[in-house]
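Chains as they are written, first to last, in our numbering: chain G, -12 to 264; chain Z, -12 to 264; chain A, -12 to 264.
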Amino acid sequence: MFGKYLDRVREAAPLIHNITNYVTVNDVANILLACGASPIMADDPNEVEDITSICAGLNINIGTLNSHTVPSMLLAGRTAVRLGHPVLLDPVGAGASSYRTETAQRLLEEIGPDVIRGNISEIRTLTVNQAGASRGVDASLTDAVTEEGLREAVDFMRDQAERLHCVLVVTGAIDLVADGQTCYCIRNGRPEMGKITGTGCQLSGLMTAFLAANPEHKTEAAAAAVAVMGLAGEIGWDRMEPGDGNATYRNRIIDAVYHMKGTALDRGAKIEIYAPR
Amino acid sequence: MFGKYLDRVREAAPLIHNITNYVTVNDVANILLACGASPIMADDPNEVEDITSICAGLNINIGTLNSHTVPSMLLAGRTAVRLGHPVLLDPVGAGASSYRTETAQRLLEEIGPDVIRGNISEIRTLTVNQAGASRGVDASLTDAVTEEGLREAVDFMRDQAERLHCVLVVTGAIDLVADGQTCYCIRNGRPEMGKITGTGCQLSGLMTAFLAANPEHKTEAAAAAVAVMGLAGEIGWDRMEPGDGNATYRNRIIDAVYHMKGTALDRGAKIEIYAPR
Amino acid sequence: MFGKYLDRVREAAPLIHNITNYVTVNDVANILLACGASPIMADDPNEVEDITSICAGLNINIGTLNSHTVPSMLLAGRTAVRLGHPVLLDPVGAGASSYRTETAQRLLEEIGPDVIRGNISEIRTLTVNQAGASRGVDASLTDAVTEEGLREAVDFMRDQAERLHCVLVVTGAIDLVADGQTCYCIRNGRPEMGKITGTGCQLSGLMTAFLAANPEHKTEAAAAAVAVMGLAGEIGWDRMEPGDGNATYRNRIIDAVYHMKGTALDRGAKIEIYAPR
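Take a look at the structure:
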């Protein structure tokens, strides 16, 4: 069912504009190429409007936030919204510094991204810890999405997605992708992926390509991207040899995306749907 | 015949100053080490003159152009020219934004690089799409250098190289390296190299080392670098195992450069010469 | 004996703040994850105090120094010192430009790092080539630490460590880790590690994690980190297959750190102690 969203990325070959951190940028570029998309990285205010205009989607990642690129993020974000291009916000490290939290909040309010993808701590920072978000406090995300707390987490995600008018994605041991109505729960992936820098950043890049190629089905496209990343983590792990560690695993995951077809995703995706309320 | 230029790089072990993008910079550094050269990356106006002075060549790449490094590019470029060090310009993304196009044009005019290396779109932007370049419009590069249009492309490249007083390099399915008189046509490489981010950036770094080590034979040195990169792409591909994708291929190409000797290049290079007019 | 310092890193899982260059930053992040620590990269003056406050150690690397991050380095460094967090300075390229030399000297004076790690050229620049360091000139480091000059180098390192009130680490064919009293001489590693960009940067990141997890034994923790990196270089080399080169070797070294246990370090470390004077 979700394989078609991957196939559509390979057919559309969208060009994706990334304003992202310098730590994991190379892996983001290679995973975009692996899924059939093309990356452009550009973060100077003098050119981000031009660049985002020729692209099909915009990926904003605040991983190495600095005062010279925040104006670029705002400019590019507004341009993309005006042109109807999907915008994804990855609020890396929101909560770790006031500057990140405030910038993430500002990007959220001034751009209105189509999708926000983060880990639980980041998503909590942008939801329950914000003024005006008190409604969500009771049904809050705890430290991790667990089987026991899943139903509660699903409701929390749908509530917050509705409040923020976006698709909200939280990744961890269990991944959740929600809009105001529907929530997908994805159980692909491996814990060892957390020992590689930037698997989250890579997923955000990948997901932007899925949104750009499937603009009519944003929630499903985001869920498909989550499943692709997780399934690639499983396939890559199966190819690990004795002595291989996190550096090699990084390559094997991107390699697995490179070879993945829609049919393989249909077979391997572990996606559960929480139907519209 | 071209193997000696590679051997000379390993003997001279030139130190290369790179002002380049943060996407592919690590691979540029590793491919420079793989060919026997040494990389220095430095892009602050406070130090680029010092750094370029202790180096043997300068590689300028506008892949993640920003307003803080453009003055560094100009300063370093003028210093390198004054000292007689070869300068290569890689106009990444010229044509994708006004800022890139104008900056590339400005670097071209104010520095006068020894070599310009880009893909067809970038080279077109700096040649036929510029005012004053109308002479080249008729004999223009089309979307790709093809066997059918090769003779025309060769003439175009020689004309533009002469007009720009540089060695002009366009890479794609067929690679061309031209000065005003001679054009080399290189048929090494594999299409899958386009699925790795930064193979062009890597080639520009590698080529700068070849220019620095072979300053009396710039056109031939540039052609040799193109053949090394393409042959490494072929050798790396032969080492690919089932399941390997673009991330692993990236490593295998650099690994192949690491082991390549001049004799292997002589055997594997597919270089055709279009003799001086 | 030194294995316990590695085991302690895995137990403590320290969060390490890195202000480092954009060339090798991804490898620094992955090697920190490989040893059981976690990386944060943040270099904007607006947030470095917040970030360093939530971390257990600070790694300052001037590899791609620029005028926007020098204030961040100073701010973060002073904050870390005030909080009692270990600070490591990696003076990449000190001596290559006046700007780097002066900035490294300034960071040294205004922060007072716990550890300085560099190659011989960099350490010389910060010691014998500085005014006020004339006492060390006679017993200077020559171009490399050799078996013949080892005793002299050991004395030099201890003198300079005492003068600078820090642990001083010089890496090369033979590695030395000294405080004012004791000097450890480590003979792990392979010369081919010099053909990979950033093995020094990686070691600095790794070492900061060792300092953060073993704050009562800084000299020994630094020596243990040097041995881990060198031993990983040996283990990684043993896993090289025909055709593998520097790109693959890079991954294999990080992979080896990922799997290394304290017991393996105890078996493989080649550490000689020059007892307190």
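Beta carbons are placed, not taken as given, at the ideal position from N, Cα and C, and that holds for glycine.
Nothing here was measured: the structure is a model prediction, and the numbers come from that model.
Which residue from the options puts its Cα closest to that of residue i?
i, options, result
"A/Ala91", "A/Asn53, A/His72, A/Val141", "A/Asn53"
"G/Tyr171", "G/Lys182, G/Ala200, G/Lys205, G/His152", "G/Lys205"
"Z/Thr184", "Z/Ile240, Z/Asn116, Z/Val156", "Z/Ile240"
"G/Ile173", "G/His246, G/Gly82, G/Ala210, G/Gly187", "G/Ala210"
"Z/Gly232", "G/Asp142, G/Gly64, G/Tyr236, G/Val68", "G/Tyr236"
"Z/Arg87", "Z/Ala63, Z/Ile49, Z/Ala212", "Z/Ile49"
"G/Gly217", "G/Gly105, G/Leu190, G/Gly167", "G/Leu190"
"A/Gly159", "A/Gly176, A/His152, A/Ala165", "A/Gly176"
"Z/Glu97", "Z/Ser108, Z/Pro73, Z/Val68", "Z/Val68"
"Z/Leu62", "Z/Val35, Z/Asp162, Z/Ala256, Z/Thr112", "Z/Val35"
"G/Ala140", "G/Val156, G/Leu151, G/Ala219", "G/Val156"
"A/Ala212", "A/Ala131, A/Met247, A/Tyr9", "A/Met247"
"Z/Leu20", "Z/Ile258, Z/Arg264, Z/Asp242", "Z/Asp242"
"A/Asn13", "G/Leu94, G/Thr51, G/Ala131", "G/Thr51"
"Z/Phe197", "Z/Leu75, Z/Asp166, Z/Met60, Z/Ala165", "Z/Leu75"
"G/Gly187", "G/Asp162, G/Arg150, G/Thr56, G/Arg(-5)", "G/Asp162"
"Z/Trp224", "Z/Tyr(-8), Z/Leu45, Z/Asp31, Z/Met180", "Z/Met180"
"A/Arg138", "A/Ala234, A/Ala165, A/Pro1, A/Thr11", "A/Ala165"
Helix, strand or coil, according to DSSP, for residue i in the structure here?
i, result
"A/Met247", "coil"
"Z/Asn238", "helix"
"A/Ser40", "helix"
"Z/Thr7", "coil"
"Z/Glu135", "coil"
"G/Gly105", "strand"
"Z/Asp77", "strand"
"G/Asn13", "helix"
"Z/Asp253", "helix"
"Z/Val115", "coil"
"A/Ile110", "helix"
"Z/Asn53", "coil"
"Z/Asn48", "strand"
"A/Arg264", "coil"
"A/Leu2", "strand"
Exposed or buried, which one is residue i when buried takes at least 16 other CB atoms within 10 Å?
i, result
"Z/Ala262", "exposed"
"G/Thr66", "buried"
"G/Gln147", "buried"
"Z/Pro178", "exposed"
"A/Thr7", "buried"
"Z/Lys182", "buried"
"A/Gly80", "buried"
"Z/Leu70", "exposed"
"A/Ile38", "buried"
"Z/Ile260", "exposed"
"A/Pro26", "buried"
"G/Pro78", "buried"
"A/His72", "buried"
"A/Ser84", "buried"
"Z/Met(-12)", "exposed"
"G/Arg104", "buried"
"Z/Pro229", "exposed"
"A/Pro100", "buried"
"G/Glu(-2)", "exposed"
"A/His152", "exposed"
"G/Thr133", "exposed"
With residue i as the anchor, note down where its alpha helix (DSSP H) starts and where it stops.
i, result
"G/Val68", "57 to 70"
"A/Ser25", "From DSSP, A/Ser25 is part of no alpha helix (DSSP H) but of the beta strand (DSSP E) over 25 to 28."
"A/Asp(-6)", "-10 to -1"
"A/Thr88", "85 to 98"
First and last residue of the beta strand (DSSP E) that includes residue i?
i, result
"A/Glu259", "258 to 261"
Segments assigned beta strand (DSSP E), at least 3 residues, entirely inside the stretch 156 to 217 of chain A: 162 to 165, 170 to 173, all fully within the stretch 156 to 217 of chain A.
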